[in-house]
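Chains as they are written, first to last, in our numbering: chain A, 59 to 360; chain B, 542 to 839; chain C, 54 to 305.
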Amino acid sequence: MNNRVINKRLDGLFKALGILTTVFGLSVLLVLFIDVFLDGASRLSLDFFTSFPSRKPEAAGILSAWVGTIWIMAVTGCIALPLGIGSGIYLEEYAPKNRLTALIEISIANLAGVPSVIFGLLGLGLFVRWFNLDRSVLAGGLTLAILVLPVIILSTREALRAIPFSIREASYAVGATKWQTVYCQVLPAALGNIMTGVILAMSRAVGETAPLITIGALTYIAFLPQAPVAFSGEFPFIHLSLQGLFDPFTALPIQIFNWVSRPQKGFSVNASAGIIVLLGITLAMNSVAIILRYRQRKKTRW
Amino acid sequence: MFKKKEFQKLKEYLIEKLLFLFSLVSILATVGIVAVLSFETFAFFNEVSLLKFFTDTQWTPLFVKKHFGILPLLCGTLLTTLIAMLIALPVGLISAVYLSEYSSEKAKNIIKPIMEILAAIPTVVYGYFALLFVTPLLRKCIPGMSGFNSLSSGFVMGIMIIPLISSLSEDAFHAVPMGLREAGYALGSNRLQVSLRIVFPAAFSGVLAACVLAVSRAVGETMIVAIAAGQQPRLTLNPLVPVETITAYIVQVSLGDTPHGSLEYRTIFACGMFLFVMTYFLNIVSYKLRRRFQQVYE
Amino acid sequence: MNNTAFSIKQMRAFYGAKEVIKGVDISIMPNTVTALIGPSGCGKSTFIRSLNRINDLIPSFRISGDIMYRQKDIYDKETDVVELRRRVGMVFQKPNPFPKSIYENIAYGLRIHGLNIKDTIDEIVESSLKKAALWDEVKDNLKQNALTLSGGQQQRLCIARTLATQPEVILFDEPCSALDPISTAKIEELIHHLKQNYTIVIVTHNMQQAARVSDYSGFFLLGELIEVGRTHEIFTAPKDKRTEEYITGRFG
Numbered sequence: 059m060n061n062r063v064i065n066k067r068l069d070g071l072f073k074a075l076g077i078l079t080t081v082f083g084l085s086v087l088l089v090l091f092i093d094v095f096l097d098g099a100s101r102l103s104l105d106f107f108t109s110f111p112s113r114k115p116e117a118a119g120i121l122s123a124w125v126g127t128i129w130i131m132a133v134t135g136c137i138a139l140p141l142g143i144g145s146g147i148y149l150e151e152y153a154p155k156n157r158l159t160a161l162i163e164i165s166i167a168n169l170a171g172v173p174s175v176i177f178g179l180l181g182l183g184l185f186v187r188w189f190n191l192d193r194s195v196l197a198g199g200l201t202l203a204i205l206v207l208p209v210i211i212l213s214t215r216e217a218l219r220a221i222p223f224s225i226r227e228a229s230y231a232v233g234a235t236k237w238q239t240v241y242c243q244v245l246p247a248a249l250g251n252i253m254t255g256v257i258l259a260m261s262r263a264v265g266e267t268a269p270l271i272t273i274g275a276l277t278y279i280a281f282l283p284q285a286p287v288a289f290s291g292e293f294p295f296i297h298l299s300l301q302g303l304f305d306p307f308t309a310l311p312i313q314i315f316n317w318v319s320r321p322q323k324g325f326s327v328n329a330s331a332g333i334i335v336l337l338g339i340t341l342a343m344n345s346v347a348i349i350l351r352y353r354q355r356k357k358t359r360w
Numbered sequence: 542m543f544k545k546k547e548f549q550k551l552k553e554y555l556i557e558k559l560l561f562l563f564s565l566v567s568i569l570a571t572v573g574i575v576a577v578l579s580f581e582t583f584a585f586f587n588e589v590s591l592l593k594f595f596t597d598t599q600w601t602p603l604f605v606k607k608h609f610g611i612l613p614l615l616c617g618t619l620l621t622t623l624i625a626m627l628i629a630l631p632v633g634l635i636s637a638v639y640l641s642e643y644s645s646e647k648a649k650n651i652i653k654p655i656m657e658i659l660a661a662i663p664t665v666v667y668g669y670f671a672l673l674f675v676t677p678l679l680r681k682c683i684p685g686m687s688g689f690n691s692l693s694s695g696f697v698m699g700i701m702i703i704p705l706i707s708s709l710s711e712d713a714f715h716a717v718p719m720g721l722r723e724a725g726y727a728l729g730s731n732r733l734q735v736s737l738r739i740v741f742p743a744a745f746s747g748v749l750a751a752c753v754l755a756v757s758r759a760v761g762e763t764m765i766v767a768i769a770a771g772q773q774p775r776l777t778l779n780p781l782v783p784v785e786t787i788t789a790y791i792v793q794v795s796l797g798d799t800p801h802g803s804l805e806y807r808t809i810f811a812c813g814m815f816l817f818v819m820t821y822f823l824n825i826v827s828y829k830l831r832r833r834f835q836q837v838y839e
Numbered sequence: 054m055n056n057t058a059f060s061i062k063q064m065r066a067f068y069g070a071k072e073v074i075k076g077v078d079i080s081i082m083p084n085t086v087t088a089l090i091g092p093s094g095c096g097k098s099t100f101i102r103s104l105n106r107i108n109d110l111i112p113s114f115r116i117s118g119d120i121m122y123r124q125k126d127i128y129d130k131e132t133d134v135v136e137l138r139r140r141v142g143m144v145f146q147k148p149n150p151f152p153k154s155i156y157e158n159i160a161y162g163l164r165i166h167g168l169n170i171k172d173t174i175d176e177i178v179e180s181s182l183k184k185a186a187l188w189d190e191v192k193d194n195l196k197q198n199a200l201t202l203s204g205g206q207q208q209r210l211c212i213a214r215t216l217a218t219q220p221e222v223i224l225f226d227e228p229c230s231a232l233d234p235i236s237t238a239k240i241e242e243l244i245h246h247l248k249q250n251y252t253i254v255i256v257t258h259n260m261q262q263a264a265r266v267s268d269y270s271g272f273f274l275l276g277e278l279i280e281v282g283r284t285h286e287i288f289t290a291p292k293d294k295r296t297e298e299y300i301t302g303r304f305g
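Here's what the structure looks like:
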């Protein structure tokens, strides 16, 4: 009898502990948000977005940082999306069961577990030195593309696997080829889940700092990569150029790191303001992904 | 009609080959990592003996009097990892048991996405938090604590890893068949007994896989320690003084302008290689454990 | 013999090392309904799925023997599988509409075969749905997602989808096993109508259904075709004792 009472108490105690631990992480998150917000909110202004970094903290801004981040993300996306989704399709729909396929799968699993800083060393040795891309937008984008590649491949595969085999059978039965089946039926049905994975992967890339530092991305940059589209008064008025790919860059997380590591108070305020912007981007991307996944789950019942 | 089909067959063929080439990139990337690391590491060990690397107790490649002993860096890495796991393990596991066995489906659907957000925060933000919030706070309680230390970076790293442990372990608990729980309840156990004596042991290898993966993540984590743990390679277990981890050293060298091909340049690849091998083994162990777990509950 | 649709000699089929069809000979006449009956696991589904080579999708599947469709070996290296599947359509056990609109479900087969004229597609969508006796129920909601239809409607949509590409043969693999009796009756009626224009092969484990809809019946047991003949003969005077035992309900 006594035993049972003790057990019941223990159960209640454990439940309380469970709630406590679960809330623990979340409350730290909350504290972090509040702390960052209190420190940095006052610094957020239009000037902050349109100014270059500076030695004077009150004059410094994140112009080159956010422009650089957009450049890097564009390059990363253009490379990692086709490669990642394509590999996912190949492995799930085409690949024969043989040693080469097994090797590809092992490589992906391995890449997924490699610390991000090592991708930076890869970028440094391969892209910066060997390909002679120097510390350019292209080198940074390539490095991050390889970093997010396994994430995109794995989520693409998972999304494709969720599509019932009967859909493929139905398509073949009306005389579709393999690619028609994949492109017209399987891929559209899986697209929601693939996009969820892609957005999550890209949101990870936005915040990646270590690989970019390792490839030697400069931290003080007072100019922007050459814009891909420029307008002028002379014919043909619009000039397209990819020269910017080869320009040096900085990115939001690097700029934040730079400011965090300076002792003056003014810079840490700048860092918090930068973090608010960075968190805004990552949280927005994550929310979109979560909502997308939720809607997808509700929509399709096979 | 005939021609069109030939064209279609060619198209099918080309698409398949293209997709195949895409998937080869993963192999190339893996080979690339190993090749780049090995190349510079070999060059490094041409100048520094392996024995020295593993036994010297000082790491001072950037000083005039150079020492190349990885032990202080390894010590820093293990110390921060240990502190992180001391936080993340109990919190993550208890919250996984709670989410899997106690909480309602509704609460789970709210908590899990928030946990995901915790995992999605860029590590540079955690680094900021460790250096400019946690450390000042701890210094008020612990006098004599240095501005850079392994305690606050380890603590924040633990927070970062909680979602990883909690969600992977929760998956493992979830995979335990309902029948086992029912058997437990039928014998008159209460929820706590079922959770801890039936579900937890049944999911043990899955949970262990999650923990090993978490260690791997902590070992490879860079920004938090680079920002908040300091840059002083030191063979110590004191959590209050500055240390340097393997990853932080790589960042430190990358920030400076180390000439390509110099010995200092090569140290970061040797460190990278060491880190790569370490995380590789941890990942393999985690994978094997997970496989074993999955085989039990097919 | 030259006017057969399918002429099959010594068909053997394997999943890995397991032999599931052990030397089957059968001829299937055009514009007839042939029902294949037998207990589950007897190879009848594997058999019908070999006729449009949909089993090729299963990696461990192997087949041998002469499987001729209109005097051509369908397992020949030169065979265009895509063209074969267009000519030999299939309706599956569980309704499997694409997760798209009703209209798109039918238009898909046409588009992939190179038809892009909207008016013609519209016409064929309508006529196929009419032939599948679904038009009246869905004509106002062609843009509606096919997954919102009832099971019976979905299966008729799948039939309409098959009809749209104008096949010569339609294979039905237990088309009513997931449906209620009313939907089953509708589909049986449909099969009866389709006989005039198509060669039909239907796998069923429901003997009454076989008796109702088919002209010929074949009885499969453990991978062998025990007996094949006119349906009323099979059901009234089977030659083989095992057929009789199955039909009278002693096993299966």
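Note that beta-carbon positions come from the ideal geometry of N, C-alpha and C, so glycine has one too.
Are the C-beta atoms of residue i and some chain A residue less than 8 Å apart?
i	result
Ser757/B	yes
Pro228/C	no
Met542/B	Bear in mind that the predicted position of Met542/B carries a pLDDT of just 34, short of 50, making it unreliable; the figure below should be weighed with that in mind. For Met542/B, the answer is no, since every Cβ of chain A falls outside 8 Å of its Cβ.
Gly142/C	yes
Tyr790/B	no
Asn108/C	no
Thr173/C	no
Thr621/B	no
Phe810/B	yes
Is residue i helix, strand or coil when you go by DSSP?
i	result
Met54/C	Legend: pLDDT at Met54/C = 49, less than 50; position of this residue unreliable, value from coordinates given subsequently. The answer is coil: DSSP assigns Met54/C none of H, G, I, E or B.
Tyr821/B	helix
Pro269/A	helix
Ile221/A	coil
Gly118/C	strand
Thr284/C	helix
Arg106/C	coil
Pro208/A	helix
Tyr269/C	strand
Gln63/C	strand
Lys356/A	helix
Met82/C	coil
Pro246/A	helix
Hey, does residue i have any beta-carbon neighbour from chain B nearer than 8 Å?
i	result
Asn60/A	no
Val175/A	yes
Thr79/A	yes
Ala329/A	yes
Using the Cβ count rule (16 or more neighbours within 10 Å means buried), how would you classify residue i?
i	result
Asn169/C	exposed
Leu90/A	buried
Gly610/B	buried
Thr289/C	exposed
Thr598/B	exposed
Trp237/A	buried
Gly69/C	exposed
Val818/B	exposed
Ser736/B	buried
Looking only at DSSP bridge pairs, what is residue i linked to?
i	result
Val63/A	DSSP lists no partner for Val63/A.
Ile45/C	Outside the displayed range of chain C (54 to 305) lies residue 45/C, so it cannot be described from this structure.
Ser154/C	Asn198/C
Met143/C	Leu224/C
Checking 8 Å against the spacing of the C-beta atoms, do residue i and residue j come in under that value?
i	j	result
Leu615/B	Ile787/B	yes
Gln313/A	Gly338/A	no
Phe307/A	Trp188/A	no
Val135/C	Gly233/A	yes
Could you work out which residues of chain D lie near residue i, taking near to mean beta carbons separated by less than 7 Å?
i	result
Phe82/A	Judged by its chain identifiers, the structure shown contains no chain D, and its protein chains are A, B and C.
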